[in-house]
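**Q** So the sequence shown is numbered by the numbering used here: it starts at 23 and just counts up by one. All residues carry an ideal CB built from backbone N, CA and C; glycine is no exception.
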Amino acid sequence: MSSLQTFIFMGRSGCGKGTQGKLLETALRASDSEHDILYLESGDIFRNFIKGNNYSQKLSREVYESGALQPEFLAVWAWASLLVDNMGGKEHLILDGVPRKLREAHVLDSAFTFYKREKINIVYINVSREWSKERLMARGRVDDNHDDVEVRLNWFDVDVMPALNYFKENPEYVFHDINGEQTIEQVHAEVLKSLELN
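#1: Residues bridged to Tyr188 by DSSP?
#2: Hey, could you find the ends of the alpha helix (DSSP H) Gly7 is sitting in?
#3: What does a CB cutoff of less than 8 Å around His198 pick up in its chain, not counting 5 residues either side in sequence?
#4: Grouping DSSP H, G and I as helix and E and B as strand, with all else coil, what is His2?
#5: Can you tell me the Cβ-Cβ gap for Glu63 and Gly40, rounded? I've got them flagged as a contact below 8 Å.
#6: For Gly43, which residues in the same chain have their Cβ closer than 6 Å to its Cβ, ignoring the five residues on either side in sequence?
#7: Out of curiosity, what's the CA-to-CA distance linking Glu207 and Ser53?
#8: Secondary structure at Asp149, three-state DSSP: helix, strand or coil?
#9: Using CA coordinates, which residue listed in Gly36, Thr28, Arg122 is at the minimum distance from Arg161?
#10: Could you please give the first and the last residue of the uninterrupted alpha helix (DSSP H) stretch that includes Glu113?
#11: Quick check on Glu87: buried or exposed, where buried means 16 or more other Cβ atoms within 10 Å of its Cβ?
#12: Output the distance between the C-alpha atoms of Asn75 and Thr135, rounded to the nearest integer angstrom.
#13: Roughly how many angstroms separate the alpha carbons of His128 and Pro121, rounded to a whole number?
#14: Distance, Cα to Cα, Ser103 vs Ala97?
#15: Buried or exposed, going by whether 16 or more other CB atoms sit within 10 Å of the CB of Arg157?
#16: Along the chain, where does the beta strand (DSSP E) that runs through Tyr195 open and close?
#17: Taking 8 Å as the cut-off, is the CB of Arg174 close to at least one heavy atom of the ligand NAP?
#18: Taking the beta carbon of Glu194 as the centre, do at least 16 other beta carbons fall within 10 Å, making it buried, or is it exposed?
#19: Where does Thr205 land, buried or exposed, given buried means 16+ other C-beta within 10 angstroms?
#20: Between Lys112 and the rest of its own chain, which residues show a CB-CB distance below 8 Å, the 5 nearest in sequence each way excluded?
The structure is reproduced here in structure tokens:
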């Protein structure tokens, strides 16, 4: 592998996009020792951010604890600052859970233009709402009660799907629709096949 590649993992909560993103990172490292990999995961960014105690962090923590999505300006600041601080021009780029809204997708589009990234791969881990709900409830996390799960499932339909469709309909992006209702290994194999990395 010689050309730098960019991957965005998207899908419903509980679909395993983070797991698949990490598996792809491992596969890329094995097949291309010449380039670094920058991995951005929106959940980690905010979980770390809200641990602080400045005014913005406190307000963000309130949003997080209410179960709502963070405002676009804060989401963009979080991942954009990581790009600005860490992009060197010689790395593969993997984004996990970014973007979460249509306006955020437009800003991300401008970042890709700025960094001269072409033919971005959208890896959509496609699972049904019912499948996602069963997975989230089975995890048994404190924040995975019935009401919170319904809120997160609604987020995807209302906020994330417009962003996903924007990428799907944009010829500058390569859309990969992956059946997520398989074993982790089967999903990974399908991802590699669709990306032509196997």
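**A** So, from the data block:
#1: Beta-bridge pairing links Tyr188 to no other residue.
#2: The displayed coordinates of the chain run from 23 to 220. Any statement about residue 7 would go beyond what the structure contains.
#3: Excluding sequence neighbours, His198 sits near Asn143, Ile144, Val145, Tyr146, Val213, Ser216, Leu217.
#4: A question about residue 2 goes unanswered here, because the residues of the chain that appear run from 23 up to 220.
#5: 6 Å
#6: Phe31, Ile116, Asp118
#7: 18 Å
#8: In the sequence under discussion, the amino acid at residue 149 is Val, which differs from the Asp named in the question. Val149 falls in the coil class under three-state DSSP.
#9: Gly36
#10: Secondary structure note for Glu113: it is in no alpha helix (DSSP H), and the uninterrupted beta strand (DSSP E) holding it is 113 to 118.
#11: exposed
#12: 35 Å
#13: Rounded to the nearest whole angstrom, the C-alpha separation of His128 and Pro121 is 9 Å.
#14: 10 Å
#15: Its Cβ being crowded by 16 or more others within 10 Å, Arg157 is buried.
#16: 195 to 201
#17: This structure lacks the ligand NAP; in fact it carries no ligand of any kind.
#18: exposed
#19: exposed
#20: Leu26, His57, Asp58
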